[in-house]
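Residue numbering for the sequence shown follows my numbering, starting at 94 and increasing by one per position.
Note that the Cβ used here is the ideal one computed from N, Cα and C, for glycine as well.
All figures in this text were calculated on a predicted structure; none of them were measured in a lab.
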Amino acid sequence: MPRLSNDFLYPEEIEKGYKKEDLLQNFRNYIEHATRVQKEYNSKSGVKLLVGFEIEGLDDEHISFSDEILSQYPINMTVGSVHYLHKIPIDFSAELWLEARDQSKDKTARGLYKDYFDLQFEVISRLKPNVIGHFDLIRLFEPKDEIDPTTGIKIRDINLEKDWPEVWEGIVKNIKFAVNYGALFELNSAAIRKGWDSPYPKKDISLIIKGNGGRFCLSDDSHGLKQVGLNFHKVRDYVVNELKLLDIYYLDLDKGRTVVKLISIDEFEKSNFWQQYENLP
94 MPRLSNDFLY PEEIEKGYKK EDLLQNFRNY IEHATRVQKE YNSKSGVKLL VGFEIEGLDD
154 EHISFSDEIL SQYPINMTVG SVHYLHKIPI DFSAELWLEA RDQSKDKTAR GLYKDYFDLQ
214 FEVISRLKPN VIGHFDLIRL FEPKDEIDPT TGIKIRDINL EKDWPEVWEG IVKNIKFAVN
274 YGALFELNSA AIRKGWDSPY PKKDISLIIK GNGGRFCLSD DSHGLKQVGL NFHKVRDYVV
334 NELKLLDIYY LDLDKGRTVV KLISIDEFEK SNFWQQYENL P
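And the structure:
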């Protein structure tokens, strides 16, 4: 979704000379094009397309703007995400992540984590997105070798449940709320593209989602054709061997209404879809 001020442009957008008006026009163009293609494909082929957008949970104004979009456009689904804290992007660079951290109340990673999950709750509780986006994106640029001053432990060695209990409490609160209204949690392969050995969310949070009855869907978070389905074979291994899920869920359209469906892991593993990944590491 468009951001509402030039203050929130990413550095790469500034380099291209973008303004907030460009973001809004791009979004309108997307909706117009997507709904046109949806009508064409959904009526003439076996492919079903859903038109949706990713919520930008930057602040109260942006969360409210999501409601406006939902009332103005024919939207089938939403992905609820947080990319900014204290009006600073936390998913672009380590330097900006640290800037956001220094705007937290106590200027610690622990404080920034709490801010992240508190803001995530605002997105989830107010908008009830169909899919919870990259649940633990806050971890992407954390300074792993830094010592957490609140515990004396390196950030990389922090056990969220034991070492930062108030952060863990917020995580569990968000998960339970989302499970209660029926959201799906994406297993997002973009994390692997960015250097992780697993998708978002990492195993500690994924197991809590599973333990609370949460339902997972696949996501590549693709920003271009070359990223469509990228590293899905590694997500498959995570699903089968690490999380040991019984089903994978997905969104579908039934007479114009968005519904949740599932595929068993047995069927999931046997799909011909995986043949394209056979020679990949």
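For residue i, which residues of its own chain have a beta-carbon under 7 Å away from its beta-carbon, when the five flanking residues on both sides are left out?
{"i": "Trp-257", "result": "Arg-203, Tyr-206 and Ile-251"}
{"i": "Ile-268", "result": "Ile-301, Ile-302, Asn-305 and Gly-307"}
Return helix, strand or coil for residue i, following the three-state DSSP convention.
{"i": "Ile-240", "result": "strand"}
{"i": "Arg-96", "result": "coil"}
{"i": "Ser-312", "result": "strand"}
{"i": "Ser-299", "result": "helix"}
{"i": "Phe-185", "result": "coil"}
{"i": "Tyr-209", "result": "helix"}
{"i": "Asp-199", "result": "coil"}
{"i": "Leu-253", "result": "helix"}
{"i": "Lys-327", "result": "helix"}
{"i": "Tyr-342", "result": "strand"}
{"i": "Leu-215", "result": "One detail in the question is off: residue 215 reads as Glu in this sequence, not Leu. Helix at Glu-215."}
{"i": "Tyr-134", "result": "helix"}
{"i": "Ser-291", "result": "coil"}
{"i": "Lys-319", "result": "helix"}
For residue i, count neighbouring Cβ atoms within 10 angstroms of its own Cβ and tell me buried if that reaches 16, exposed if not.
{"i": "Gly-275", "result": "exposed"}
{"i": "Pro-104", "result": "exposed"}
{"i": "Pro-167", "result": "exposed"}
{"i": "Tyr-209", "result": "buried"}
{"i": "Asn-334", "result": "exposed"}
{"i": "Tyr-134", "result": "exposed"}
{"i": "Trp-367", "result": "exposed"}
{"i": "Pro-374", "result": "exposed"}
{"i": "Ser-164", "result": "exposed"}
{"i": "Glu-149", "result": "buried"}
{"i": "Gly-306", "result": "exposed"}
{"i": "Gly-139", "result": "exposed"}
{"i": "Arg-308", "result": "buried"}
{"i": "Val-130", "result": "exposed"}
{"i": "Ile-181", "result": "buried"}
{"i": "Asp-160", "result": "exposed"}
For residue i, which residues does DSSP report across the bridge?
{"i": "Asp-347", "result": "Arg-350"}
{"i": "Gly-139", "result": "According to DSSP, Gly-139 bridges with nothing at all."}
{"i": "Leu-230", "result": "According to DSSP, which records beta bridges pairwise, Leu-230 is partnered with nothing at all."}
{"i": "Val-172", "result": "Glu-147 and Val-224"}
{"i": "Leu-277", "result": "Val-224 and Arg-308"}
{"i": "Ile-356", "result": "Ile-341"}
{"i": "Tyr-177", "result": "Pro-182"}
Return the CA-CA distance between residue i and residue j, expressed in angstroms with no decimal places.
{"i": "Asn-273", "j": "Ile-302", "result": "12 Å"}
{"i": "Leu-300", "j": "Leu-339", "result": "13 Å"}
{"i": "His-316", "j": "Lys-113", "result": "19 Å"}
{"i": "Lys-348", "j": "Gln-118", "result": "30 Å"}
{"i": "Trp-190", "j": "Lys-137", "result": "46 Å"}
{"i": "Ser-197", "j": "Val-353", "result": "37 Å"}
{"i": "Glu-371", "j": "Lys-327", "result": "11 Å"}
{"i": "Tyr-177", "j": "Ile-183", "result": "6 Å"}
{"i": "Asp-152", "j": "Gln-213", "result": "10 Å"}
{"i": "Thr-243", "j": "Ala-187", "result": "21 Å"}
{"i": "Lys-295", "j": "Val-265", "result": "14 Å"}
{"i": "Arg-329", "j": "Ile-225", "result": "19 Å"}
{"i": "Ile-156", "j": "Ile-107", "result": "23 Å"}
To which residues of the same chain is residue i closer than 6 Å at the C-beta, ignoring the five residues directly before and after it?
{"i": "Lys-237", "result": "Ile-248 and Arg-249"}
{"i": "Pro-95", "result": "Leu-116, Leu-117 and Phe-120"}
{"i": "Ser-291", "result": "Tyr-331"}
Excluding the 5 residues preceding and the 5 following residue i in the sequence, name in chain order all residues of the same chain whose CB lies nearer than 8 Å to its CB.
{"i": "Asp-313", "result": "Asn-281, Ser-282, Ala-283, Gln-320, Val-321, Gly-322, Leu-323, Asn-324 and Phe-325"}
{"i": "Leu-346", "result": "Asn-135, Lys-141, Leu-143, Asn-169 and Val-352"}
{"i": "Asn-99", "result": "Lys-112 and Lys-113"}
{"i": "Ile-246", "result": "Ile-240 and Asp-256"}
{"i": "Ser-218", "result": "Phe-270"}
{"i": "Cys-310", "result": "Val-224, Leu-277, Phe-278, Glu-279, Leu-280, Ile-341, Tyr-342, Tyr-343 and Leu-344"}
Say yes only if the C-beta of residue i is nearer than 7 Å to one or more non-hydrogen atoms of the ligand GDP, and no if none qualify.
{"i": "Val-130", "result": "Of ligands this structure carries none, so the ligand GDP is not represented either."}
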